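Position in the first sequence (first residue = 1) + 188 = our numbering.
Beta carbons are placed, not taken as given, at the ideal position from N, Cα and C, and that holds for glycine.
All figures in this text were calculated on a predicted structure; none of them were measured in a lab.
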Amino acid sequence: MDSKVRVRFAPSPTGGLHLGGVRTVLFNYLFAKHHGGEFILRIEDTDQTRFVAGAEQYIIDTLNWCGLTPDESPLHGGAYGPYRQSERKAIYTQYAQTLIEKGFAYYAFDTPQDLEEKRKQVPNFQYSRAHRMEMKNSISLSESEVSELLKKNTPHVIRIKIPDEEEVVFTDIIRGEVRFDVSTVDDKVLLKADGMPTYHLAVVVDDYLMKITHAFRGEEWLPSAPVHILLWKYLFGLDKMPKWAHLPLILKPEGSGKLSKRDGERLGFPVFAMDWSDPTTKETTVGFKEKGFLPEAFINFLAMLGWNDGSDKEIFTIEELIAAFDLERVHKGGAKFDYEKAKWFNQEWIKKTDNKILADLLQPFFDQEKIEIHERSYLIKVIGLVKDRCHLLTDFITQSSFFFTAPATIDTAAILPKWEEKKHAFFTALAQSFQEMSGKPLAADLEANFKTLAAAHEIKPGDLLLPLRIMLVGSKFGPGVFDIIEAIEIPDTIKRIEHSLQLLSGK
RNA sequence: GGAGCGUUCGACUAAGGGUUAGGUCACCUCCCUUUCACGGAGGUAAUACGGGUUCGAAUCCCGUACGCUCUACCA
Numbered sequence: 189m190d191s192k193v194r195v196r197f198a199p200s201p202t203g204g205l206h207l208g209g210v211r212t213v214l215f216n217y218l219f220a221k222h223h224g225g226e227f228i229l230r231i232e233d234t235d236q237t238r239f240v241a242g243a244e245q246y247i248i249d250t251l252n253w254c255g256l257t258p259d260e261s262p263l264h265g266g267a268y269g270p271y272r273q274s275e276r277k278a279i280y281t282q283y284a285q286t287l288i289e290k291g292f293a294y295y296a297f298d299t300p301q302d303l304e305e306k307r308k309q310v311p312n313f314q315y316s317r318a319h320r321m322e323m324k325n326s327i328s329l330s331e332s333e334v335s336e337l338l339k340k341n342t343p344h345v346i347r348i349k350i351p352d353e354e355e356v357v358f359t360d361i362i363r364g365e366v367r368f369d370v371s372t373v374d375d376k377v378l379l380k381a382d383g384m385p386t387y388h389l390a391v392v393v394d395d396y397l398m399k400i401t402h403a404f405r406g407e408e409w410l411p412s413a414p415v416h417i418l419l420w421k422y423l424f425g426l427d428k429m430p431k432w433a434h435l436p437l438i439l440k441p442e443g444s445g446k447l448s449k450r451d452g453e454r455l456g457f458p459v460f461a462m463d464w465s466d467p468t469t470k471e472t473t474v475g476f477k478e479k480g481f482l483p484e485a486f487i488n489f490l491a492m493l494g495w496n497d498g499s500d501k502e503i504f505t506i507e508e509l510i511a512a513f514d515l516e517r518v519h520k521g522g523a524k525f526d527y528e529k530a531k532w533f534n535q536e537w538i539k540k541t542d543n544k545i546l547a548d549l550l551q552p553f554f555d556q557e558k559i560e561i562h563e564r565s566y567l568i569k570v571i572g573l574v575k576d577r578c579h580l581l582t583d584f585i586t587q588s589s590f591f592f593t594a595p596a597t598i599d600t601a602a603i604l605p606k607w608e609e610k611k612h613a614f615f616t617a618l619a620q621s622f623q624e625m626s627g628k629p630l631a632a633d634l635e636a637n638f639k640t641l642a643a644a645h646e647i648k649p650g651d652l653l654l655p656l657r658i659m660l661v662g663s664k665f666g667p668g669v670f671d672i673i674e675a676i677e678i679p680d681t682i683k684r685i686e687h688s689l690q691l692l693s694g695k
């Protein structure tokens, strides 16, 4: 790189940040950090009708949770601000004027109604060379008419004048050479009637002013790339233009098409990074964070969706990702989102994460379930016992709640079919013998005691283990029975046995 | 309709002229575990189609099909 790498993520603050958005951020971030460059957050809030309060803060919070904090943003300042496009209005006007003066853009006075009508009349209408002269603009109208309209403050937009015949060719880092015959593209609006720029003008101007060296965005932008390239040529020169990369899309798991919020609701998985509540509808959409994902796992999973380092390695820390990332190894085709695989990544990361750190992360989940944790050290011990069987942080609740409170229900139905009087007698004796053990016996001693007693009662330990488990846990799952007893200790164990015995005899 | 982009197991992908087309998730079987998991060992399963080029093609070329994206004074 001849100059310092600068990349940007430029979302519009219209709602929650979904998978595709986060992955775009991630690839930007990885690329920047791999090259020792800077990552900028720019807020594209030029559409006042779609602005949603709180969305900008949400984006920043999400980036922080993911560990993808920008070097420059509306909040963290920087030398190229402001970082909100709504605050840069005057800048765009100036460049739009320049384009007009150079003859690369023109005023258009058509009202939205005019356009709607025209679209109805002309099938596949495009505001371009073919119909430009039939419309109301500074090319079709006489100079005096135009200045008259302008003088009267007639609402108008500024449109780019696409050349009649020109082939736009550029090299996309992921896709290679891409060519467009511009005769098929229309005269896009650059500056709206309210004076705000459209995306097309704003990206080009801001990327230039913010010295962006590499511009990455979703594949959905590819068809409008020629407009941007033309603008670069007219305004700043192609030699200043950033290198482009159009990222593949993240698709629905079933069928095809872009993954949407609806798919998540329908199929029962998150699509947004974090919980998002719409301020107007008050509707909350669940996020990966609240669903129980570790940010490391979320990032790891997203990185592997469309990229790999060429080896079989799948679990990467962010540092490893930064070191290994290479945009040229990004896939061209879209990737279907697979929630099962996402959970597998999370499970791997749970296994990898220190129990103390998990304890901190888990606390809010337990709080939410109103499960009281009296001792942190006890929580850490329990985490060690159950972490292997948890895919999500929320799994810890079901996997470990019985360590903190007696199970609400006992699955006696699973015990009853093979229940008999001599087993009842055994458990009564077991409670008794546990009572006689002093202090906090270890799992191995508890097991020895249990087996001796079973032998004395002439019952196979195997026939007794499952009922005992159910008495303690409530159902057929969890770590080793004697590990559980060691953890919850004798008094609680006896209480649970006795309680279950009552339930069993009181059928 | 037009333009652009894409297409390897069910999913994510490796293999950039020569491999029994590999790995991971999911699924199935077995082992471990007197539970559920974890772990271990196996298994099922793919180059969209048709033409070239070549001694040899998943890989290069052409066509076809299919899919997706865009086609707003939204991004």
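Is it a yes or a no for the region 483-490 touching the region 542-560, going by three-plus beta-carbon pairs under 8 Å? The region 483-490 is not in contact with the region 542-560.
Classify Pro552 as buried or exposed, calling it buried when 16 or more other Cβ atoms lie within 10 Å of its own Cβ. What you label residue 552 is simply residue 364 of the first sequence in a count that begins at 1. Classified as exposed, Pro552 has fewer than 16 neighbouring CB atoms from the shown chains inside 10 Å of its CB.
Tell me which residue opens and which closes the alpha helix (DSSP H) that Trp532 is part of. Taking the first residue of the first sequence as position 1, residue 532 is located at position 344. Going by DSSP, Trp532 is part of the alpha helix (DSSP H) stretching over 527-540.
Straight-line Cα distance separating Gly203 from Trp495: Your numbering for residue 495 matches position 307 in the first sequence. Your numbering for residue 203 matches position 15 in the first sequence. Rounded to whole angstroms, Trp495 to Gly203 spans 27 Å at the Cα level.
Enumerate, from N- to C-terminal direction, the unbroken alpha helix (DSSP H) stretches of 4 or more residues contained entirely within the region 595-662. The region 595-662 contains these whole alpha helix (DSSP H) runs: 600-603, 609-624, 631-644, 649-661.
Report yes or no: do the region 247-264 and the region 210-219 share at least 3 C-beta pairs separated by less than 8 Å? The region 210-219 and the region 247-264 touch, with three or more beta-carbon pairs separated by less than 8 Å.
Compare the C-alpha of Pro595 against each of Gly650, Tyr246, Glu563, Phe665 and name the closest. Position 407 of the first sequence, counting from 1, holds the residue named residue 595. If we check each option's Cα against that of Pro595, Phe665 comes out closest.
Where His687 sits in the DSSP three-state scheme: On the first sequence, residue 687 is found 499 positions in, with the first residue counted as 1. DSSP places His687 in helix when its eight states are reduced to three.
Exposed or buried, Met189, counting other C-beta atoms within 10 Å across all chains shown (16 or more means buried)? By one-based count along the first sequence, residue 189 stands at place 1. Note that Met189 has pLDDT 45, beneath the 50 cutoff, so the model's placement of it is unreliable and the number below is only indicative. Answer is exposed; the Cβ neighbour count stays below 16.
Using 8 Å as the threshold, is the C-beta distance between His722 and Lys431 below it? This structure gives no information on residue 722, because the portion of the chain shown stretches from 189 to 695.
Can you round the beta-carbon distance between Lys349 and Tyr294 to whole angstroms, since I take them to be within the 8 Å contact cut? In the first sequence, the residue the question calls residue 349 occupies position 161. In the first sequence, the residue the question calls residue 294 occupies position 106. So it is a contact: roughly 6 Å between Cβ atoms.
In or out: Thr616 buried (at least 16 other Cβ within 10 Å) or exposed? Counted from its first residue, the first sequence places residue 616 at position 428. Exposed is the call here.
In terms of alpha-carbon separation, which member of Phe404, Ala643, Leu692 lies closest to Pro605? What you label residue 605 is simply residue 417 of the first sequence in a count that begins at 1. Out of Phe404, Ala643, Leu692, Leu692 has the C-alpha closest to the C-alpha of Pro605.
To which residues of the same chain is Ile510 closer than 7 Å at the C-beta, ignoring the five residues directly before and after it? Sequence index remark: in the first sequence, residue 510 carries index 322 (1-based). Contacts found: Leu218, Lys221, His222.
Could you tell me the distance, in whole angstroms, from the CA atom of Leu493 to the CA atom of Asp526? Walking along the first sequence from the start, residue 493 turns up at place 305. Walking along the first sequence from the start, residue 526 turns up at place 338. Roughly 9 Å between the two C-alpha positions.
Cα-Cα separation, Arg320 to Lys339: In the first sequence, counting from the first residue as 1, residue 320 sits at position 132. In the first sequence, counting from the first residue as 1, residue 339 sits at position 151. Distance from the CA atom of Arg320 to the CA atom of Lys339, rounded to whole angstroms, is 22 Å.
Please state the DSSP three-state secondary structure of Asn488. Taking the first residue of the first sequence as position 1, residue 488 is located at position 300. Note: Asn488 maps to helix in three-state DSSP.
Kindly indicate the opening and closing residues of the beta strand (DSSP E) around Glu507. Numbered from its first residue, the first sequence carries residue 507 at position 319. In this chain, Glu507 is not harboured by any beta strand (DSSP E); it is covered by the alpha helix (DSSP H) spanning 506-512.
Strictly by DSSP, which residues pair up with Ser178? No statement about residue 178 is possible, as the shown extent of the chain runs from 189 to 695 and does not include it.
Looking at C-alpha atoms only, which residue of Leu567, Phe457, Gly224 is the closest neighbour of Glu700? No information on residue 700 is available, as it lies outside the stretch 189 to 695 that the chain covers here.
Per DSSP, what kind of secondary structure is Glu563 in: helix, strand or coil? Residue numbering aside, residue 563 sits at position 375 when the first sequence is read from its first letter. The three-state reading of DSSP puts Glu563 in coil, since its state is none of H, G, I, E or B.
Counting only the same chain and skipping the five closest in sequence on each side, list residues whose C-beta sits under 7 Å from that of Asp360. The residue given as residue 360 occupies position 172 in the first sequence. Taken in chain order, the residues that qualify are Val366, Trp432, Ala433, His434.
So, do the region 192-208 and the region 228-248 have three or more beta carbon pairs nearer to each other than 8 Å? Yes, they touch.
Bridge partner(s) assigned by DSSP for Lys524: Here residue 524 refers to the residue found at position 336 of the first sequence. Its beta-bridge partners are Leu439.
Measuring CB to CB, does Asp599 end up less than 8 Å from Gly662? To locate residue 599, count along the first sequence from 1; it is residue 411. To locate residue 662, count along the first sequence from 1; it is residue 474. Yes, the pair counts as a contact, with Cβ atoms nearer than the cut-off.
So who's on the other strand from Val210, going by DSSP bridges? Translated into positions along the first sequence, residue 210 becomes position 22. Note: Val210 sits in no beta bridge, so no partner.
Assuming the contact rule is C-beta atoms closer than 8 Å, Ser371 and Asp394 should be a hit. Round their C-beta distance to whole Å, please. The residue given as residue 371 occupies position 183 in the first sequence. The residue given as residue 394 occupies position 206 in the first sequence. Contact between Ser371 and Asp394 does not hold, since their C-beta atoms are separated by about 28 Å, which reaches or exceeds 8 Å.
For Lys524 and Gly208, what's the separation of their Cα atoms in angstroms? Here the question's residue 524 lines up with position 336 in the first sequence. Here the question's residue 208 lines up with position 20 in the first sequence. Cα to Cα, Lys524 sits roughly 11 Å from Gly208.
Cβ pair Ile571, Phe592 closer than 8 Å: For this step, residue 571 is matched to residue 383 along the first sequence. For this step, residue 592 is matched to residue 404 along the first sequence. Their beta carbons are not under 8 Å apart, which means Ile571 does not touch Phe592 by this criterion.
Between which two residues does the alpha helix (DSSP H) carrying Arg454 extend? Your numbering for residue 454 matches position 266 in the first sequence. Going by DSSP, Arg454 is part of the alpha helix (DSSP H) stretching over 449-455.
Per DSSP, Arg238 forms a beta bridge with which residues? Along the first sequence, one-based indexing puts residue 238 at 50. DSSP lists no partner for Arg238.
Cα-Cα, which of Ser335, Leu630, Asn534, Glu407 is closest to Gly668? Position 480 of the first sequence holds residue 668. Out of Ser335, Leu630, Asn534, Glu407, Leu630 has the C-alpha closest to the C-alpha of Gly668.
With 16 other Cβ atoms within 10 Å as the buried cut-off, status of Arg450: Stepping through the first sequence from its first residue, residue 450 is reached at position 262. Under the 10 Å beta carbon count, Arg450 is surrounded by fewer than 16 other beta carbons and is classified as exposed.
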